[in-house]
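Chains as they are written, first to last, in my numbering: chain A, 11 to 126; chain B, 30 to 776.
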């Protein structure tokens, strides 16, 4: 009896754990620090990310240069998103912009493009 | 865009309590290239902290706040390029900032996503701008249809057989609106009745609608207002763009366009449009096509050059259109006697050449010289049953404009000379049961003119005073004075006033082209005078916050008074349509109010109401003008999902009762109830965007409101009572369309 209770408890703990693990949301929202600074940058970033598979939406907040991205973690990983941003020519948290892509951006989107 | 921080003085270098810091400074602007003056009413605010200030009359601004570093200080003012300064240190700082006026800066700035339709806030005139985003809301096939989601300009069918659409503004016909593309006046005489359909919607970058007297720089013809169309430019066009459209009415359309920069200096863009209607639509079962069948081909090639001392834009546009309406089965190119069918045929060929050149002066960066040249060849051949019209027009136009400042940029002056040449040949041959006549209208216009427009830009107000003098070879000297005044009560509340004279040489055939679709004869007086109007008006515009979002309210009133006008009198008699000079009064009072709100992010609501009191003396009595609704309502809802992949748009228009002409029915009795009923038009569209492609599905006139049997005495199209002009609502009923837009951009 005692053993069966222990087994039952163990079983339920495992099941609950498994269920809990499954309940971990597959849709996540992250805020990535970029160096995008103007409306043109906003159009470039959102224009690519919003039409990338796995991304629910991307919204650049120009006031703090943070890019809000909601995505399906099963379809696209955070690393892939950051890599994509760097390939457009912008920093994404610790991932730095790909230099060649950054050089291709219009002057106003280049780092320092708004300092005179 | 360039900002100069002349000095950056750190006032307090000791640390303060917490992160509370004070940011202050002065905002200045250049007035002549060297000297600066304080800028009043400029905005300075911290984007992240959300605090800000408006600069006072000495240009000073100040704010104290808790900062979460880094933050960005944004500086902006109407008429100047905005700038930003990133603040990384928690120190009190004073900034001395100089903003460049917009026309001095060299760089072009692309701002964040713009509203699709908005009133241009800097313009001293009441100018409403529609962008490509707005045009895409309703898959506009052409310029005339692009106004269907707009409350200022009304679009309706001209008549029951030709399929052409007419526009109205302030209850006045489209001919009283000056039309221009990229500031070049166009669509005179022969292309006036249907030229709007010769501009495909996908070619248009933006449209500006000015209410009231326009600038004198572009001529004397703006009476109710002015509509300017900007085509896509080599700099803004996609590398390749393809748009296809089809509808259940059997209309098919294809637009292909592309272009781009060729090198540092040269750019080009090309546009091709083809459309066709092959299917006979006759929902009313009256034996007449509800819309004509036919083909249209339009092409445009344009080139641009921009060097250090000059800029040039030139191009050529050609349009060929062949439409056949009337009784089902009618073929214009088959033997007429054997057919015995009432037909409408409109064949229009139009070729336009244009060039715009601008010169800059190194020593004087505030002056420039611009030269515009335009030439048109137009050939029109039209048949409405037993009425025929053959017409040909050659037109040339040159305008040279010198722009400079008087001492400081607060005072600027545009002066120049212009010349118009127009050679018109028109023959109209009527073989009606009660009238057989051959009319000709041949004329040559030669109009040299001079003009000058002075603009004062003060801290709160803008004054524009303009005048032009033209010597018309047929009608002598014409003096056209105009004035505009704008006053900003606050940053968010502005008032505009306008007054001015308009002058226009009428063309009784083309102005009343749709009147060819009746067998009632015309009775045209021999001494038709040119038309002269005075317009007085004003508007108020208030930007405010609602639901935490920006909202806009506008209200305007315009009074247009004609002192001379070509009156189309259908009240004098039902036996003929009298066209004569105005005797008595003719005016329009138009009131309009609009509200634009965004209750939820990306969900926009636009509401508008219009009251039109348009009267003229016809039949000896001051009567409401025919086919003008007294009341007009408009609701537009637009929503876009956060990832921009889906866009929804719904527009409800309500047209109030209109006065109709009295007509005689087949049995010889006269129509008694000469008022139309009020009716709604609902249309909507869903757009789904993919990376390179967007597809759309839409419905027009979803409530299926239609006139069932609008043609009078349709059984007897060659008889004296036949009349297809009594069209005050759609004839088509519901229409469903679908299309795609595919593009490759330059990025």
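Ideal Cβ positions, reconstructed from N, Cα and C, are used throughout, including at glycine.
Annotation: residue 100 of chain A has no Cβ neighbours in chain B at a cutoff of 7 Å; minimum Cβ distance is about 14 Å. Residue burial is scored here from C-beta neighbours: residue 694 of chain B has fewer than 16 other C-beta atoms within 10 angstroms and is therefore classed as exposed. Neighbourhood of residue 101 of chain B in chain A, by CB distance below 7 Å: 73, in chain order.
Taking the C-beta atoms as reference points, residue 586 of chain B is found nearer than 7 Å to residue 620 of chain B. Neighbours of residue 76 of chain B across chain A, judged by C-beta separation under 8 Å: 72, 73 and 74. Listed in chain order, the non-local C-beta contacts of residue 105 of chain B below 6 Å within the same chain comprise 72 and 111, local neighbours out to five positions each way being set aside.
The alpha-carbon of residue 110 of chain A is positioned some 25 Å away from that of residue 266 of chain B. Within the region 49-69 of chain A, the residues whose Cβ lies closer than 9 Å to some Cβ of chain B are 49, 50, 52, 53, 54, 56, 57, 58, 59, 60, 61, 62, 65, 66, 67, 68 and 69, listed in chain order. Within chain A, no C-beta atom comes less than 8 Å from the C-beta of residue 268 of chain B; the nearest is roughly 15 Å away. Apart from the 5 residues on each side of it in sequence, residue 454 of chain B sits with its Cβ closer than 6 Å to the Cβ of 421 and 471 in its chain, given in chain order. Contact annotation for residue 719 of chain B against chain A: 61 [CB-CB distance below 8 Å, chain order].
Against residue 671 of chain B, the close residues of chain A are 67 and 69, in the order they occur along the chain (beta-carbon pairs closer than 7 Å). In this structure the region 313-326 of chain B touches the region 734-744 of chain B; the number of beta carbon pairs closer than 8 Å is three or more. Taking 9 Å as the cut-off between beta carbons, the residues of the region 660-691 of chain B near chain A are 670, 671, 672, 673 and 674, in sequence order. DSSP places residue 506 of chain B in the strand class (E or B) of the three-state scheme.
Under the three-state reduction of DSSP, residue 114 of chain A is assigned to helix. In this structure, DSSP gives residue 277 of chain B a state outside helix and strand, which the three-state scheme calls coil. Taking C-beta atoms as the reference points, residue 773 of chain B and residue 329 of chain B fail to come closer than 7 Å.
As for any beta strand (DSSP E) of minimum length 3 sitting wholly inside the region 394-427 of chain B, the runs are 397-413, ordered along the chain. By the neighbour-count criterion, in which a residue is buried when 16 or more other Cβ atoms sit within 10 angstroms of its Cβ, residue 241 of chain B is buried. With a contact defined as Cβ atoms closer than 8 Å, residue 497 of chain B and residue 480 of chain B qualify at about 4 Å. Only residues of its own chain outside the window of five on either side were considered, and among them 688 and 690 have a CB closer than 6 Å to the CB of residue 655 of chain B, listed in chain order. Taking all protein chains shown into account, residue 362 of chain B has fewer than 16 neighbouring C-beta atoms within 10 Å of its C-beta and is therefore exposed. As the crow flies, the alpha-carbon of residue 87 of chain B is around 28 Å from that of residue 494 of chain B. In the three-state reduction of the DSSP assignment, residue 755 of chain B falls in the coil class.
Distance from residue 77 of chain A to residue 44 of chain A at the Cβ level is roughly 5 Å; contact confirmed, criterion being Cβ atoms closer than 8 Å.
A Cβ-Cβ distance of about 11 Å is found for the pair residue 763 of chain B and residue 713 of chain B, leaving them out of contact under the 8 Å criterion.
In this structure, residue 710 of chain B sits near residue 730 of chain B, with a CB-CB distance shorter than 7 Å. Ranked by how close their Cα comes to the Cα of residue 610 of chain B, the residues B/600, B/603, B/595 and B/602 have B/595 in first place. With three or more CB-CB distances shorter than 8 Å, the region 639-657 of chain B counts as touching the region 611-618 of chain B. Secondary structure at residue 245 of chain B: helix, using DSSP grouped into helix, strand and coil. A residue is called buried once 16 or more other Cβ atoms fall within 10 Å of its Cβ, and residue 182 of chain B is buried on that count. With fewer than three CB-CB distances shorter than 8 Å, the region 515-528 of chain B does not count as touching the region 720-727 of chain B. Separation of residue 524 of chain B and residue 485 of chain B (C-alpha to C-alpha, rounded to the nearest whole angstrom) is 16 Å. In the displayed model, residue 167 of chain B falls within a helix according to three-state DSSP.
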